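Peer 1: I'd like to ask you about the structure that follows.
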Amino acid sequence: MTSRVGCFVFVQLPSTRETVICGRYELEEIRDGFLGRFVYGRTYLNRPDAVAIDPVNLPLKDTEFTTSKVGGMFGALRDTAPDAWGRMVIERRDRGRAYSELDYLLGSSVLRVGALSYGAGQEVPVLDYSNALSLEDLGAASDAADALEGEIAGEENPLLVDLDRVLDPSSGMGGARPKTVVRDGDGQLWVAKFPSRGDRWTNGITEAAYLSLAGECGITVPEARVVTLGAKKIVMVKRFDQEPGKDEPIRRLFLSAHTLLGLEESVTDRTGWSYLDLSHILRRISSRPEEDAAELFRRMVFNALVSNTDDHPRNHAVLGTNSGDWRLSPAYDLVPSSDRSLDDRRLAMTCGVTPGRERWANRLNLVSGAQHFRLGEDEADEVITTMKEIVVHRWEDHVRSHGGTAQDCRNIAHAIAYEGLEYGTVPD
Ligand SMILES: Nc1ncnc2c1ncn2[C@@H]1O[C@H](COP(=O)(O)OP(=O)(O)OP(=O)(O)O)[C@@H](O)[C@H]1O
Ligand SMILES: [Mg+2]
620 MTSRVGCFVF VQLPSTRETV ICGRYELEEI RDGFLGRFVY GRTYLNRPDA
670 VAIDPVNLPL KDTEFTTSKV GGMFGALRDT APDAWGRMVI ERRDRGRAYS
720 ELDYLLGSSV LRVGALSYGA GQEVPVLDYS NALSLEDLGA ASDAADALEG
770 EIAGEENPLL VDLDRVLDPS SGMGGARPKT VVRDGDGQLW VAKFPSRGDR
820 WTNGITEAAY LSLAGECGIT VPEARVVTLG AKKIVMVKRF DQEPGKDEPI
870 RRLFLSAHTL LGLEESVTDR TGWSYLDLSH ILRRISSRPE EDAAELFRRM
920 VFNALVSNTD DHPRNHAVLG TNSGDWRLSP AYDLVPSSDR SLDDRRLAMT
970 CGVTPGRERW ANRLNLVSGA QHFRLGEDEA DEVITTMKEI VVHRWEDHVR
1020 SHGGTAQDCR NIAHAIAYEG LEYGTVPD
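Following this line, the structure appears as C-alpha cells:
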C-alpha cells in the first residue's frame, strides 16, 4: 500500500433516493498501524436533507474525523465491507497480494449491505445489481462455495477453474459462513446461506426455525425459507436493508452494534461488548427508544433461551429509516452454539450485572440488568417466562415446519432452555 490512499463515499439519501457524494475517506499507513480520515463534503453538509452516516461517531460536522481503530476503517464503512467469507472470495483473485481494508471495501460487490457506495472518482457509481444471482444459480453458487472451502482446506478441486461468476456476488456480504446474494423475479434481494464443513446440525433448517421461533416470541425477524438442493439445505433470508424500487433499489443505512459501541477488532478482547451499553445508545439515537430497548431485551433473552452464544456485536444492527432516524434492524444470524455445559453458558455480550458473571445466560442475571432496558424487574421476569413457554413448547414445530426431521431436532435439543438458565431461582 502506498502511504495514503482513499476513495469518495456516496450515500443514497433517505429523502429523495438520490445517490450523492457525501464525503471523502483516506487511509494512511503510519508507524504502528493505520490512520483513517473522513470529511463530509461542504456541498453535502449544506443540503437540508443530509444524513449522518453514523450519528454516534460521524455526526454532520465540517471537521476531519480520524480513527486508528479497526485498521483505520470507520465502522460505518467497515460495516458495509466483507468479513471472513467475502474476503476469501476477494483474496482468490490474487493470492500473493497483501490486501488493505480499502482493497476489501472497493473490491467487494455492489450487493454490499447498507446505503453507501464508493468510488475512486467523484462520478456517482451506478447501482448495477445485474451481477446478483437468480434462484436458478443457487446450485452452482453452492457448489462454488463448497469448492472454495475445499481450496482453503488445501484440497485439489477440478471445479476451481471458473468460479468467479458465481462467487463474486457473495463478496459484498459480511460474516464467516459461505453465502451469496440472490435477486428474485421481483427484484428483491435475499441472503442465501450455505452449509459449511464444520456444521454439527442442518444449519439451513435450524437457522430458519430459530428465526421463525424468534418471530413467535415477539421479535422482529426477516422472512426466511429453506431451499433444498439435493442433500443441501440452504436458508434464504430476505434482505431488510434493500427494497426493490422503481428504478434503483431503495437502500437503508446499516450500522452494526460493533460500530455503535466504538469497538476494536479483536477475537479475544470483549471489552465493551454489552447489551446494556447498546440499549443506552439506542435510547439516544433510536426514533422509538422505548420499543427498541424492549426489543433488544427480548433478543438477549431469546439468545439465552436457545443458546445463541455467537451473538457478537456484528450480529446486531440499526437501520437508517426514511426520515434519517435510526431503528434496531430485524434480528439475524440466530443459531445455536455447540456448548453443552449444563450450568454455565455465556452470551458473547454482557447481559446482566451479576458480579463476575455478567454474560451468564441465566434468568437472575438477565433480570438484574432490566432497568437498562427501561423495564421493571418483575416485568423482565415475566418476559422471560412468556418467551420460555413459547420456546420450550414450540421449537420442535418450527424445526419441523421448515422440513426438519426428528434427527434435526435431536441435534439441537441441548441448546433449548438449558438447565443453568434457572440456577439460583429455585431451591437446589
Ligand atoms: N436479512 C439481512 N438483510 C440485510 N443484511 C443482512 C441480513 N442478514 C445478514 N445481513 C448482513 O450480512 C452479514 C452476515 O450475515 P450473518 O451474520 O447471517 O452471516 P454469518 O456468516 O452466519 O455470520 P457470523 O460470521 O457472525 O457467523 C451480517 O453481519 C449483516 O451485515
Ligand atoms: Mg453474523
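If you count the sequence shown from 1, you need to add 619 to reach my numbering.
Glycine included, C-beta positions come from ideal geometry on N, C-alpha and C.
None of the values given here were measured: they were computed from a predicted structure.
Is it buried or exposed for Gly-715, if we count other Cβ within 10 angstroms and need 16 for buried?
Peer 2: Mapped onto the sequence shown, residue 715 falls at position 96. That one is exposed.
Peer 1: Give, in chain order, every unbroken run of the alpha helix (DSSP H) that is at least 4 residues long and sits entirely within the segment 773-811.
Peer 2: 783-786, all fully within the segment 773-811.
Peer 1: If you measure from each CB to the nearest heavy atom of ligand 2 and keep those under 5 Å, what residues do you get, in chain order?
Peer 2: For ligand 2, the selected residues are Gly-794, Asn-934, Asp-952.
Peer 1: Hey, His-991 and Leu-895 are a contact pair by Cβ (cut 8 Å); roughly how many whole angstroms apart?
Peer 2: Locating residue 991 in the sequence shown gives position 372, counting from the first residue. Locating residue 895 in the sequence shown gives position 276, counting from the first residue. Right, the Cβ-Cβ distance comes to about 4 Å (below 8 Å), so this counts as a contact.
Peer 1: Pick helix, strand or coil for Pro-1046, following the three-state DSSP scheme.
Peer 2: Residue 1046 sits at position 427 when you count from the first residue of the sequence shown. In this predicted model, Pro-1046 has a pLDDT of only 49, less than 50, meaning its place in the structure is not dependable enough to derive any value.
Peer 1: Taking the CB atoms as reference points, tell me whether Lys-1040 and Ala-980 lie closer together than 8 Å.
Peer 2: By one-based count along the sequence shown, residue 1040 stands at place 421. By one-based count along the sequence shown, residue 980 stands at place 361. The amino acid at residue 1040 is misidentified as Lys; the sequence shows Leu. Yes, these two residues count as a Cβ contact at 8 Å.
Peer 1: What does Arg-731 pair with, by DSSP beta-bridge criteria?
Peer 2: Here the question's residue 731 lines up with position 112 in the sequence shown. Its beta-bridge partners do not exist; DSSP assigns none.
Peer 1: To the nearest whole angstrom, what separates the beta carbons of Thr-928 and Leu-966, a pair I think is in contact under 8 Å?
Peer 2: Residue 928 sits at position 309 when you count from the first residue of the sequence shown. Residue 966 sits at position 347 when you count from the first residue of the sequence shown. Right, their Cβ atoms sit about 6 Å apart.
Peer 1: To which residues of the same chain is Pro-868 closer than 6 Å at the C-beta, ignoring the five residues directly before and after it?
Peer 2: Sequence index remark: in the sequence shown, residue 868 carries index 249 (1-based). So the qualifying residues of the chain are Gln-861.
Peer 1: Cβ of Met-792 within 7 Å of any heavy atom in ligand 1?
Peer 2: Locating residue 792 in the sequence shown gives position 173, where the first residue counts as 1. The answer is yes for Met-792.
Peer 1: Alpha carbon to alpha carbon, how far is His-1012 from Val-624? Give it in angstroms, no decimals.
Peer 2: Numbered from 1 along the sequence shown, position 5 holds the residue referred to as residue 624. Numbered from 1 along the sequence shown, position 393 holds the residue referred to as residue 1012. Spanning the two alpha carbons is a distance of roughly 55 Å.
Peer 1: Is the beta carbon of Phe-859 within less than 7 Å of some heavy atom of ligand 1?
Peer 2: To locate residue 859, count along the sequence shown from 1; it is residue 240. Checking the Cβ of Phe-859 against ligand 1 gives yes.
Peer 1: Roughly how many angstroms separate the alpha carbons of Arg-731 and Ser-942, rounded to a whole number?
Peer 2: The residue labelled residue 731 in the question sits at position 112 within the sequence shown. The residue labelled residue 942 in the question sits at position 323 within the sequence shown. C-alpha separation (whole angstroms): 22 Å.
Peer 1: Please name the residue in Ala-764, Arg-643, Gln-741 whose C-alpha comes closest to that of Arg-612.
Peer 2: There is simply no residue 612 to check, as the chain begins at 620 and stops at 1047 in what is shown.
Peer 1: Report the residue from Asp-673, Ile-649, Leu-646, Arg-858 whose alpha carbon sits nearest the alpha carbon of Val-630.
Peer 2: Reading the sequence shown from its first residue, position 11 is the one you call residue 630. The shortest Cα separation from Val-630 among Asp-673, Ile-649, Leu-646, Arg-858 belongs to Asp-673.
Peer 1: Going by beta-carbon coordinates alone, are Gly-791 and Val-800 separated by less than 8 Å?
Peer 2: Indexing the sequence shown from 1 puts residue 791 at position 172. Indexing the sequence shown from 1 puts residue 800 at position 181. Yes.
Peer 1: Round the Cβ separation of Arg-656 and Glu-645 to the nearest angstrom and send it over; I've been treating them as touching at under 8 Å.
Peer 2: Sequence index remark: in the sequence shown, residue 656 carries index 37 (1-based). Sequence index remark: in the sequence shown, residue 645 carries index 26 (1-based). About 5 Å separates the two Cβ atoms, so the contact holds.
Peer 1: Tell whether a beta-carbon distance below 8 Å holds between Val-1018 and Ile-900.
Peer 2: Reading the sequence shown from its first residue, position 399 is the one you call residue 1018. Reading the sequence shown from its first residue, position 281 is the one you call residue 900. Going by C-beta atoms, Val-1018 is not nearer than 8 Å to Ile-900.
Peer 1: Ignore the nearest five residues each way along the sequence and tell me which others in Val-658's own chain have a CB closer than 6 Å to its CB.
Peer 2: By 1-based counting over the sequence shown, the position of residue 658 is 39. Cβ within range, chain order: Gly-642, Arg-643, Glu-683.
Peer 1: State the DSSP-derived secondary structure class of Lys-852, mapped to helix, strand or coil.
Peer 2: The residue given as residue 852 occupies position 233 in the sequence shown. Reduced to three states, the DSSP call for Lys-852 is strand.
Peer 1: What distance in whole Å lies between the Cβ atoms of Val-986 and Phe-916, which are believed to be in contact at a cut-off of 8 Å?
Peer 2: Numbered from its first residue, the sequence shown carries residue 916 at position 297. Numbered from its first residue, the sequence shown carries residue 986 at position 367. The Cβ separation is near 10 Å, so there is no contact.
Peer 1: Compute the beta-carbon to beta-carbon distance between Ala-751 and Arg-802, rounded to the nearest angstrom, for a pair I have assumed lies under 8 Å.
Peer 2: Start at 1 with the first residue of the sequence shown, and residue 751 comes out as number 132. Start at 1 with the first residue of the sequence shown, and residue 802 comes out as number 183. Right, their Cβ atoms sit about 4 Å apart.
Peer 1: Report buried or exposed for Pro-908, applying the criterion of at least 16 other Cβ atoms within 10 angstroms of its Cβ.
Peer 2: Residue 908 sits at position 289 when you count from the first residue of the sequence shown. Label assigned to Pro-908: buried.
Peer 1: If you follow the alpha helix (DSSP H) that Arg-706 is in, where does it begin and where does it stop?
Peer 2: The count along the sequence shown starts at 1 and reaches residue 706 at position 87. Unbroken alpha helix (DSSP H) run through Arg-706: 703-710.
Peer 1: Which word fits Asp-997, buried or exposed, when buried means at least 16 other C-beta atoms lie within 10 angstroms of its C-beta?
Peer 2: Counting from one through the sequence shown, the residue named residue 997 turns up at place 378. Label assigned to Asp-997: exposed.
Peer 1: Comparing alpha-carbon positions, which option in Thr-635, Val-785, Arg-711, Gly-834 lies nearest Glu-770?
Peer 2: Along the sequence shown, one-based indexing puts residue 770 at 151. Out of Thr-635, Val-785, Arg-711, Gly-834, Arg-711 has the C-alpha closest to the C-alpha of Glu-770.
Peer 1: Counting Cβ pairs closer than 8 Å, one from the segment 693-708 and one from the segment 820-837, do we hit at least three?
Peer 2: Not touching, per the Cβ criterion.
Peer 1: Which parts of the segment 1008-1041 are runs of the alpha helix (DSSP H), unbroken and 4 residues or longer, counting only runs that do not cross its ends?
Peer 2: Those alpha helix (DSSP H) runs which fall completely within the segment 1008-1041 and span 4+ residues are 1025-1031.
Peer 1: If we count the other Cβ atoms within 10 Å of its Cβ and call it buried at 16 or more, is Ala-772 buried or exposed?
Peer 2: On the sequence shown, position 153 is the one that residue 772 refers to. By the neighbour-count rule (16 or more Cβ atoms within 10 Å), Ala-772 is not buried but exposed.
Peer 1: Just to confirm, is the Cβ distance from Ala-912 to Arg-978 under 8 Å?
Peer 2: Translated into the one-based positions of the sequence shown, residue 912 becomes position 293. Translated into the one-based positions of the sequence shown, residue 978 becomes position 359. Result no, Cβ atoms of Ala-912 and Arg-978 do not sit closer than 8 Å.
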